[in-house]
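The next block holds one structure in the form of structure tokens; read it before the comments.
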Amino acid sequence: MNRNKSICITILCLSLAMVRSLPIDAQKVTFHDGFISLKQAFEKLESVSTYKIAYNDSQLDVSRKVLMDQKEMEVLLALSQLLKNTGYTYKTNGNYILIVPEKADDTTKDRKRVSGVIVDNQGIPVIGANVVEKGTANGTITDIDGKFTLEVSGNATLQVSYIGYNTQELSVLGKTDFSIKLGEDTQALDEVVVVGYGTQKKVNLTGAVQSISSQDLTKRNLSSSSQALQGLIPGMVVTQSSGAPGATASIQIRGTGSINSNSEPLVLIDGVEGDMNSVDMNAIESVSVLKDAASASIYGSRASNGVILVTTKRAKENKLSVSYNGYVGFRTPTSTPNPVDAVTYMEAINQACVNNNQAPQYSEEVINAYKTSGADNIHRYDTNWKDLVFDEITLTHNHSLSVSGGSDVLKTFVNASYNYEDGLIPNNSFKRTAIRSNTDVKLTEWLRAGLNLNIRRSIQKDPTSGTNNIINSTLRFTPLFGAVNNDGTWGNGQNGINPLAQAIDGGVKVVDNNDIDVKGTLALTPIKGMEILASYASRRYENKQDKFQNTYDTYEGGNFIMTYPTTKSRYEEWYQLIKNQFNAQVTYENTFNERHYFKGFLGFQTDEFKNKSFGGSRNNYYYDGYEEMNHGDASSSMVNGNSSKLTMMSYFARFNYTFADKYLIELTGRYDGSSRFTAKNRWGFFPSVSIGWRISEEHFFDPLKDAIDNLKIRASYGSLGNQDLKDYYPYASVLALDASYWFGDSKNYTTGIYSNALSNPEISWEKSQQFDFGLDITAFNTRLDVTFDYYIREISDMLQQFPVTYAVGLTSPWENAGNMRNNGWDLSMMWHDRIGKVKYNIRAMLSDVKNEVTDLYGNKYINDNNTTQEGFPISSWYGYVADGYFQSKEEINNYPVYGNNKDNVKPGYIKYKDISGPEGVPDGQITDADRTIIGDPQPRYSFSLNLGAEWNNFDFNVFLQGVGKRDIFFNGAGARPFWMGGTVYEHQLDSWSEENRNAEYPLLLIDGSGGGNMNNIPSSFWVKSGAYMRLKNVSVGYSLPKNILGKSGLSNVRFYLSGQNLLTIAKGYKGYDPEGDVSSYYPVTQVYTFGVDIKF
């Protein structure tokens, strides 16, 4: 920021706080710093005195070297020495020093008084605007009504400035009264965004690229960077389906990208592939998302699902700066089903038995004993498993410390962070420690070097029995199972499975992750406009799992029941991944005849991926405290291990041309080679082209320029590849060892080698082509920003495995077979303005994508409740079409039923429609021919709304997000009462009866009761709406006023409160979070935090 733009505001706010007993001009200083820049010299004078120095850096060369060598010299005398031969002198005003030209003439005889009022575009007075007589230190600021009065020379020029607005200059010749309207600074049109291997001006982008700043991420106060991206980029769906400690969000850009491989985007951190969650949000400078193939094609085969470019912070040439951001808070589940108590459970299961023509399981005598005497935790239990196992409030805290500073030669940014999250169950936690440093060295005027270092360690702790297994049992077990007996011994649970005992005494699994990234860079600038850059990056990741399965004894009725599990065991596994990357590139840009802008780029890159793993286990540990691997039974030893390697080589280029800032074109191509394919199919070429037209720069658009700052249409086409397979060698025959062969007359088994998988030497790249049409509008002095994109994404030659007959005896080969299409649109609208003292901003986003499998070579995949087949979305829900409930026996007799045995069907059962038969028409029976597509699991109409406001020192942010349409198949314990011998939930008691014919659930039956329960077969009855709207985040902050901070050395102190997942509106199904996955048992959590952000 230009310092003379805010000097008057600073004077107004701080002058009362700058009182010292020592006369200002008597302060003395001593320096022995040698030659430093004038800017650094000013900063040193400020740091040892009460003076504040203001200057116009657009006129004064503050990079000029001066000798800083003074001993016991008065401040003003030292300043005069520093300004010698610069053509500048100084003027003082209290403890403020203004640097002015020596030729400034303050002695003009003809002086006059001028006055006026300054308003913004809406006519609102601008408070604290700077009004300065150009070339002098003579100035003032506007009052609360936007008015000013100033005495100036007769031929003076007024400079009027205010942060966020364009500076104006006005002559006072012939005028004494001014009415000035400030226009907002349109610097947003000059915004530079990060793109693949470089940067571009935002207005010149021809692809679908959107970026967000670090402030957008950090104001939500989350520990996971991937979660913080939610709702900030249209077309990017971020889903947090689990609340487990350390759990990350899943990310999809413009829909599902492949039928079998990963659909997550490529994440590059400072140009190196990495994990979005490995970067502390306080270390992030910006995030750019490349959504279309044209902008992503520079990354070729790795970018088929889009690209997220994370740029971390780097030091700037200034004095040392330190910042700390930390919070402490707690987490609690958003939604879990509520199991019933013991009496309700027994009455419900008795009713289910009667409904199924079975005898009741519990007598009235037993039920009455519970009603009158309650549970004794010896013979009678009424266990609330959820209350016992779950800790409804758990701790979380996060701390981040950043240090930045340096000179024009050496600059370093260092960030250290620590995060801890406690889980909902015992022995469940996550902690992460990370250190990141970015160092830049200016070796010469034409050679620069950089070194990035990132070290991370995380430790995940879980019960050995498995966190999800324990949560599943906790929510499913009946209250009649014992958890803890009166004497403190463990209850028997369900056949020895006691989730509380498993969590506390069943052993612990510890996963220790260690990750080190290093990247070195050399940048050469041989001539103006050209840069040659070479970098080498290496990542070493190690994962160690250590799991000990302990046993515990269970009791019931005072008697020992069993030891569970039957034996103690230990398992250890070690995994290592090494990635090495070399990159070389040359860039040249220039402007010819002021109208022709050219930028060319060539690059070369090699990537090497190596991984190996080793694991071992032993059982039968007989003595407590002896838990090392060698303490187990040697005869039970099991070992395993493997290793693999993948290499890639790439050549790429990009060409940009802009004519008169109106017509834009970009050509990109990448030539990738992968060791996954044979020599003849190894290489793939992935080109793209994009064009843009800035209509707002045409002469015929001039009448609209006052309202519309920028109007651009763009179009692009690009091709991408995909080689993401679980198999590193799909073209090669796979051999395995097996100790199951007899040779000759020998009666002993002999180890032999056999082929266990079919190979395909013709396999090649999966391909993706994308067409994108976009519109960008910036209007009303950049207060309004609108972006719209429509796209068609065609995926062809999909990599998949078709089933082969069991008679082959080999695993299916990988093939290039099948096509898929995603077509959709993205819309974002942003508005920022202010009303009086209130600054506010609104960001709304809406996007949709429709998926369709267009060709599977006539094949189809059918599972229990989903299918992938031509003409429908991938993994569509599949089953029968429900048609309400049977209300009478007569209706049953006149309607086809599942299984054709009408004696098994009762009123209250689900009816299924007869929609087809062997001949393709209804046949009066409910058979497999009546199964059809019953729902689309892909999210549609994703939306978000961000609201922000600032008033005085308060800031307020609200974030809402949701999904307009999504089908979820509801199954498991949440849908089926008494599932797997379990309990019934409160919401499931709303079941069909003669008195409740329009119930939410069918006739109450025992799950798994064979032909007597036809309600649980996959049907549209169990497909529920997954649409929801959520108050995702609310944060309120307060920053201490500058006059309170005074000379403390603190530049900002902000306290804040934040809440995550606060309120959800959804009606599709009960007991589970709509953003979560009903098959993932760990509940999504609400998070409440209190924190502080301090900057020095």
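Numbering (mature numbering (1 follows the signal peptide of the UniProt record, and there is no 0)), first residue to last: -26 to -1, 1 to 1070. Note that CB positions come from ideal geometry on N, CA and C, so glycine has one too.
Note to self: Helix, strand or coil for K450? Go by DSSP, reduced to three states.
What the structure shows: Per the sequence shown, the amino acid found at residue 450 is Arg instead of Lys. Helix at R450.
Note to self: Cutting at 7 Å between CB atoms, please list the residues of its own chain near S439, excluding the five before and the five after it.
What the structure shows: Q476, G480
Next item on the list: Report the rounded CA-to-CA distance for G748 versus F762, giving the unit in angstroms.
Entry: 6 Å
Notebook entry, point to check: Going along the chain, which residues of its own chain have a beta-carbon closer than 7 Å to the beta-carbon of F745, five neighbours each way excluded?
Noted result: Contacts found: Y691, Y765, I766.
Note to self: In the DSSP assignment, the beta strand (DSSP E) including K58 goes from what residue to what residue?
What the structure shows: Careful: K58 lies outside any beta strand (DSSP E) and carries neither H nor E.
Next item on the list: Answer with buried or exposed for E530, where buried requires no fewer than 16 other C-beta atoms within 10 angstroms of its C-beta.
Entry: buried
Next item on the list: Have a look at the DSSP bridge pairing and note the partners of A558.
Entry: Paired residues: A508, F578.
Note to self: Whole angstroms are fine: how far does the CA of S509 sit from the CA of K553?
What the structure shows: 14 Å
Check: What residue range is occupied by the uninterrupted alpha helix (DSSP H) comprising I1018?
Finding: 1016 to 1019
Notebook entry, point to check: With a Cβ-Cβ cutoff of 8 Å, do M255 and L191 count as a contact?
Noted result: yes
Check: If we count the other Cβ atoms within 10 Å of its Cβ and call it buried at 16 or more, is S610 buried or exposed?
Finding: exposed
Margin query: Counting C-beta neighbours from all protein chains within 10 Å, is the total for P311 16 or more, i.e. buried, or is it exposed?
Written below: buried
Check: Since K998 and F944 are thought to touch, with beta carbons under 8 Å apart, how far apart are those beta carbons, to the nearest angstrom?
Finding: 5 Å
Notebook entry, point to check: Does the segment 667 to 683 come close enough to the segment 625 to 641 that 3 or more CB-CB pairs lie under 8 Å?
Noted result: yes
Next item on the list: Return yes when the Cβ of D414 is within less than 8 Å of the Cβ of V246, no when it is not.
Entry: no
Next item on the list: List the DSSP bridge partners of A710.
Entry: Its beta-bridge partners are Y728.
Margin query: Mapping the DSSP letters down to three states, classify I1068 as helix, strand or coil.
Written below: Looking at I1068 - three-state DSSP - the assignment turns out to be strand.
Next item on the list: Determine the extent of the beta strand (DSSP E) in which D763 is found, giving its start and end residues.
Entry: Run containing D763: 758 to 770, per the beta strand (DSSP E) assignment.
Item checked: Reduced DSSP secondary structure (H/G/I, E/B, other) of V177 -> helix
Notebook entry, point to check: Would you report the Cα separation of Y515 and Q555, rounded to the nearest angstrom?
Noted result: 15 Å
Item checked: Local conformation of E76 per DSSP, three classes -> coil
Check: Whose C-alpha, out of K679, F122, T756, is nearest the C-alpha of E165?
Finding: T756
Notebook entry, point to check: What do you get for N867, buried or exposed, if any count of 16 or more other CB atoms within 10 angstroms of its CB means buried?
Noted result: exposed
Notebook entry, point to check: What do you get for F534, buried or exposed, if any count of 16 or more other CB atoms within 10 angstroms of its CB means buried?
Noted result: exposed
Notebook entry, point to check: Going straight from the alpha carbon of F952 to that of Y1046, what length do you get?
Noted result: 17 Å
Next item on the list: Provide the residue span of the beta strand (DSSP E) that contains P661, from first to last.
Entry: 657 to 668
Check: Apart from the five residues just before and just after I98, which ones in its own chain have a Cβ nearer than 7 Å to its Cβ?
Finding: G810
Check: Going by beta carbon distance, what residues of the same chain come within less than 8 Å of V74, once the five residues before and after it are set aside?
Finding: Listed in chain order, the non-local C-beta contacts of V74 below 8 Å within the same chain comprise Y62, T63, Y64, K65, G109, T110, A111, local neighbours out to five positions each way being set aside.
Next item on the list: Any chance you could list the beta strand (DSSP E) runs of at least 3 consecutive residues sitting entirely within the segment 792 to 821, in chain order?
Entry: If we require 3 residues or more, the beta strand (DSSP E) runs fully inside the segment 792 to 821 come out as 793 to 809.
Margin query: Going by DSSP, what residue range makes up the alpha helix (DSSP H) through Y597?
Written below: Neither: Y597 is in no alpha helix (DSSP H) and is coded neither H nor E.
Note to self: Considering Cα atoms alone, identify which of D266, D244, I409, S295 is closest to S260.
What the structure shows: D244
Item checked: Inter-residue Cα distance where the pair is A78 and T123 -> Per-residue confidence for A78 stands at a pLDDT of 44, beneath the threshold of 50, marking its modelled position as unreliable; the derived number appears in the next sentence. Each residue's alpha carbon lies about 21 Å from the other.
Margin query: Measuring straight from C-alpha to C-alpha, what distance separates D315 and F860?
Written below: 30 Å
Margin query: I'd like to know whether the C-beta atoms of A457 and G470 end up nearer to each other than 8 Å.
Written below: no
Notebook entry, point to check: Which whole-angstrom value is the C-beta distance of S1025 and N1007, which I expect to be below 8 Å?
Noted result: Not quite, the Cβ-Cβ distance comes to about 26 Å (not below 8 Å), so this is no contact.
Check: In its own chain, which residues sit with a C-beta less than 6 Å from the C-beta of residue 1106, not counting the 5 before and 5 after it?
Finding: Since the first residue of the chain shown is -26 and the last is 1070, residue 1106 is not available in this structure.
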